[in-house]
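In our numbering, the protein residues as written are 2 to 106.
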C-alpha cells in the first residue's frame, strides 16, 4: 500500500481491521520499525513479510489494541516466570497503568 510512513491525505486499508483510514502507520518504515509492529503482530501468529500481498499499514486504533495486548501478554509472562505478583495484584497494576496512559474508556 505504498512506501509512505504516515499518509494523512491518502486513504489506505488497515492490515488488521481492513478499514479504510486516512492516518496510517507503515509497519516496515520509521515509526512502525521503532514500535516493532511486525514483531508484535508475529507474536500473535500473524504471518507478515515485506513481499506478501496484504496491506503494510495499520491504523492508530489497531496499533493501540496491539500495544495494549502485547504489554498485557509480556507482563503475564514476566509474572509467571518471577512469581512475585499474584493475579489480583497484577490486575490492579494493569488497570492503574491503563488509567495513567489515558486509555480507560
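Ideal Cβ placement from N, Cα and C applies to all residues, glycine included.
Element boundaries [beta strand (DSSP E), containing residue i]
{"i": "residue 25", "result": "25 to 27"}
{"i": "residue 60", "result": "58 to 60"}
Integer Cβ distance of residue i from residue j, believed to fall under 8 Å
{"i": "residue 15", "j": "residue 60", "result": "4 Å"}
Element boundaries [alpha helix (DSSP H), containing residue i]
{"i": "residue 31", "result": "31 to 35"}
{"i": "residue 47", "result": "Neither: residue 47 is in no alpha helix (DSSP H) and is coded neither H nor E."}
For residue i, three-class secondary structure by DSSP
{"i": "residue 13", "result": "strand"}
{"i": "residue 22", "result": "strand"}
{"i": "residue 6", "result": "Low local confidence applies: a pLDDT of 49 at residue 6 is under 50, so the model's placement there is unreliable, with the coordinate-based value given in what follows. Correct three-state label for residue 6: coil."}
{"i": "residue 71", "result": "helix"}
{"i": "residue 105", "result": "With a pLDDT of 48 at residue 105, under the threshold of 50, the predicted position of this residue should be treated as unreliable, though the coordinate-derived value follows. Coil, per DSSP."}
Original post:
Okay, do the region 74 to 83 and the region 15 to 33 touch, 3+ Cβ pairs below 8 Å being the bar?
Top reply: Contact between the region 74 to 83 and the region 15 to 33 is absent, because fewer than three Cβ pairs lie under 8 Å.
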